[in-house]
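Written out below as C-alpha cells is the structure these notes cover.
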C-alpha cells in the first residue's frame, strides 16, 4: 500500500470514490434524492484538480495499491473558529470493499505527519458508522456539534497531548 500526495491525474479517481462512498455511507442518513443525484461529473473532477494543483494550505493524500486509488484524505487549516485545534480533516473516504483494512489509519498517519504535532478535528455526521473509526484512532467526540438543516455533525478531536 502506497500513501502519497495526490497528483492531478488522481482527480477522476478521487471524484469517483467520493460519489461511491457517499452513496454507501450516507444511505439512510441523508435524503435519498441527494444521494441519487450525486454523480462523477467533469465539474467534480475539475474541483479535485484545483484542490490538488492549488492547495491553499490544504493537502490531499491518496492510498494506492496496484496502480488503483482505494481512498483519499483531504485536510488543512481548520474552518471552524470555535476550536483551538488548528487543523481539520475535511474528507476521508475509502472504497467500501477496502474498508476495515487499515487504509484510513494510514491516510490519517500521513496527515499527522503533515500537521506536525498540531491537534486536529474532523466533523462526522451523526449516525455515521465511521464514528467508531475516529474513536479507534484516538479521537474524542466533542459535543460542539453543527447543524445543516436537520443533519447534525459532531467533531472528533485528535490531540497529540493525549
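Numbering (our numbering), first residue to last: 8 to 169. Even for Gly, the Cβ is constructed at its ideal location relative to N, Cα and C.
Within the stretch 57-131, the complete beta strand (DSSP E) runs of at least 3 residues fall at 65-72, 75-84 and 94-101. Membership of residue 165 in the beta strand (DSSP E) is indicated by the continuous run 158-165. Rounded to the nearest whole angstrom, the C-alpha separation of residue 155 and residue 135 is 15 Å. Between residue 130 and residue 82, the gap from beta carbon to beta carbon reaches 7 Å or more. Between the beta-carbon of residue 65 and that of residue 58 there is about 7 Å, and that keeps the pair under the 8 Å contact cut. Taken atom to atom, the span from the alpha-carbon of residue 33 to that of residue 166 is near 27 Å.
Under the three-state reduction of DSSP, residue 34 is assigned to strand. Excluding the 5 residues flanking it on each side, residue 141 has same chain C-beta neighbours closer than 7 Å at 129, 131 and 163, in chain order. With the rule of 3 Cβ pairs closer than 8 Å, the stretch 34-46 does not count as touching the stretch 86-102.
DSSP places residue 24 within a helical segment (H, G or I) once states are collapsed to three. Of all alpha-carbon atoms in 127, 72, 96 and 153, the one lying nearest the alpha-carbon of residue 102 is that of 72.
For residue 139, the uninterrupted alpha helix (DSSP H) segment begins and ends at 137-143.
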